[in-house]
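*Asks:* Residue numbers (this note's numbering): 80 to 421.
Ideal placement from N, C-alpha and C gives every residue a C-beta, glycine not left out.
Nothing here was measured: the structure is a model prediction, and the numbers come from that model.
#1: Tell me whether residue 427 sits in a helix, a strand or coil according to DSSP, three-state version.
#2: If you follow the beta strand (DSSP E) that residue 113 is part of, which residue opens it and which one closes it?
#3: Give the DSSP-derived three-state secondary structure of residue 184 in the structure shown.
#4: State the DSSP-derived secondary structure class of residue 58, mapped to helix, strand or coil.
#5: From residue 302 to residue 273, what does the alpha carbon distance come to, in whole angstroms?
#6: Does the pairing of the stretch 308 to 326 with the stretch 105 to 125 give three or more beta-carbon distances under 8 Å?
#7: Between 110, 140, 370, 394, which has its C-alpha nearest residue 266's C-alpha?
#8: Please classify residue 130 as buried or exposed, where buried requires at least 16 neighbouring CB atoms within 10 angstroms.
#9: Quick one: what's residue 290 bridged to in DSSP?
#10: Which of helix, strand or coil does DSSP assign to residue 137?
#11: Taking 6 Å as the limit between beta carbons, can you name the residues of its chain near residue 94, skipping five residues before and five after?
#12: Considering only C-alpha positions, which residue in the set 115, 155, 127, 157 is nearest to residue 137?
#13: Starting from residue 170, follow the alpha helix (DSSP H) in both directions and report where the run begins and ends.
#14: In chain order, what residues of the same chain have a beta carbon less than 6 Å from the beta carbon of residue 176, not counting five sequence neighbours either side?
#15: Can you tell me whether residue 69 is buried or exposed, with buried defined as 16 or more other CB within 10 angstroms of its CB?
#16: Output needed for residue 126: all residues of its chain with C-beta closer than 7 Å, excluding positions within five of it in sequence on either side, in chain order.
#17: Rounded to whole angstroms, what is the Cα-Cα separation between residue 245 and residue 328?
#18: Using DSSP with H/G/I as helix, E/B as strand and the rest coil, what is residue 357?
#19: Nearest to residue 194 by CA position, among 402, 262, 213, 365, is which residue?
#20: For residue 322, which of helix, strand or coil comes out of DSSP?
#21: Quick check on residue 200: buried or exposed, where buried means 16 or more other Cβ atoms within 10 Å of its Cβ?
#22: In angstroms, rounded to a whole number, what distance separates the CA positions of residue 335 and residue 258?
#23: For residue 211, I'd like the list of residues in its chain whose CB is within less than 8 Å of its CB, leaving aside the five on either flank, ordered along the chain.
#24: Apply the 10 Å Cβ neighbour rule to residue 143 and answer buried if 16 or more other Cβ atoms are within range, or exposed otherwise.
#25: Would you call the CB atoms of residue 360 and residue 209 closer than 7 Å?
#26: Residue 246 lies in the alpha helix (DSSP H); which residues open and close that run?
#27: Quick check: the Cα distance between residue 391 and residue 401, rounded to an integer number of angstroms?
#28: Under DSSP, the alpha helix (DSSP H) around residue 100 begins and ends at which residues?
#29: Using the C-alpha atoms, what's the distance from residue 414 back to residue 291?
#30: Residue range of the alpha helix (DSSP H) that residue 194 falls in?
#31: So does the stretch 368 to 380 actually touch the stretch 276 to 291, counting three or more Cβ pairs closer than 8 Å?
#32: Pull the bridge partners of residue 335 from the DSSP assignment, please.
#33: Taking the alpha carbon of residue 148 as the reference point, which residue from 280, 172, 379 has its own alpha carbon closest?
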């Protein structure tokens, strides 16, 4: 294999979780050209990965003309192997028009997933295969029985310097403990109530004399306002003001991250930041739970979980017990345990 293309167009977490696949392909084909097709707004997550030669970025809002333009670039590159780990109509168009000598496609396990969500029948067994493992399994016949590479996120020095300078301008000293909170999520049913995030932040600040950075994207600003308003002077609102990699720097600088199931959680996993991860409507069997010695997962065994494989705009039962039953006190205790270790 001389030319390889990996396709994962979105989103933050899925792209970060693809890093072991890229590393495995590089280990198996050290002299190959390995490119990655992705939406332009996520390209920085890949830009400094030493295993990637080129990023084929396109504007996700450009519609079919933009998609076909990307497909033409892919076809002209004459790839030997195209690995589609997104498996949407867009990624399928790119793969089919590539004219590659070989293709591999991610198994979305539609039947297992549907039975789990709609029938609560768990066919996954005792050992859950994580999403990074499933991505690597797409090419297992090509790479053989190699060890699973870790999930990684590579940050450039400019982003690091910019983020740390921005943080310093907000007040915390270099030696002051920093806690990061990620209260947003694309879907409502993945969000722990923001007033509880705020109460938690105030408790962590008071107990540890810590600064509390609230992080997230532009779409998380309304949620963040409910959070930092309750924390008071210790709060540093960075929501929607930092780039993806600058956000990653803040998370890496923190001694603790408390996050919903969102892109910031996967950043924390890749950067080995001690973390409390809060899960509501989704479950471990879907493959996205973070792993590590300094990771605490908090979830509630509500009978209606999972109600979706992704997320919902509202709780279909109306009670939202999967998140509302998670108390501030239990999250605080888990956070304090991790802070003592770190």
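*Replies:* This is what the structure holds:
#1: The requested residue 427 is not part of the displayed model; the chain covers only 80 to 421.
#2: It spans 112 to 118 - the beta strand (DSSP E) in which residue 113 sits, taken as one unbroken run.
#3: If DSSP states are grouped into helix, strand and coil, residue 184 belongs with the strands.
#4: No answer is possible for residue 58: the residues shown for the chain start at 80 and end at 421.
#5: Between residue 302 and residue 273, the C-alpha separation is close to 6 Å.
#6: Contact between the stretch 308 to 326 and the stretch 105 to 125 is present, because at least three Cβ pairs lie under 8 Å.
#7: The shortest C-alpha separation from residue 266 is found at 394.
#8: Label assigned to residue 130: buried.
#9: According to DSSP, which records beta bridges pairwise, residue 290 is partnered with 257.
#10: If DSSP states are grouped into helix, strand and coil, residue 137 belongs with the strands.
#11: 87, 121, 124, listed in sequence order.
#12: For the residues 115, 155, 127, 157, the minimum Cα distance to residue 137 belongs to 115.
#13: Counting along the chain, the alpha helix (DSSP H) containing residue 170 begins and ends at 168 to 177.
#14: Residues 150, 154 of the same chain have their beta carbon placed closer than 6 Å to that of residue 176, with the five preceding and five following residues left out of the count.
#15: Coverage of the chain is limited to positions 80 through 421, which leaves residue 69 absent and any answer about it impossible.
#16: For residue 126, where only same-chain residues beyond five positions count, the Cβ hits under 7 Å are 134.
#17: In this structure, the alpha-carbon of residue 245 lies about 11 Å from that of residue 328.
#18: Here residue 357 sits in strand by DSSP.
#19: Residue 194 has its Cα closest to that of 365, out of 402, 262, 213, 365.
#20: Of the three classes helix, strand and coil, the one that applies to residue 322 here is coil, per DSSP.
#21: The residue is exposed, with fewer than 16 neighbouring Cβ atoms inside 10 Å.
#22: Between the alpha carbons of residue 335 and residue 258 lies a distance of about 5 Å.
#23: In its chain, beyond the 5 residues on either side, 96, 97, 98, 99, 100, 227, 230 have a beta carbon closer than 8 Å to the beta carbon of residue 211.
#24: With a 10 Å radius around the Cβ and a threshold of 16 neighbouring Cβ atoms, residue 143 comes out exposed.
#25: Result no, Cβ atoms of residue 360 and residue 209 do not sit closer than 7 Å.
#26: For residue 246, the uninterrupted alpha helix (DSSP H) run begins and ends at 236 to 248, by DSSP.
#27: Straight-line spacing of the CA atoms in residue 391 and residue 401 works out to 13 Å.
#28: Residue 100 -> alpha helix (DSSP H) spans 98 to 107.
#29: Near 13 Å, if we compare the C-alpha coordinates of residue 414 and residue 291.
#30: In the DSSP annotation of this structure, residue 194 is not part of any alpha helix (DSSP H), being labelled neither H nor E.
#31: Short answer: they don't touch.
#32: Bridge partners of residue 335: 258.
#33: The residue with the shortest Cα to Cα distance from residue 148 is 172.
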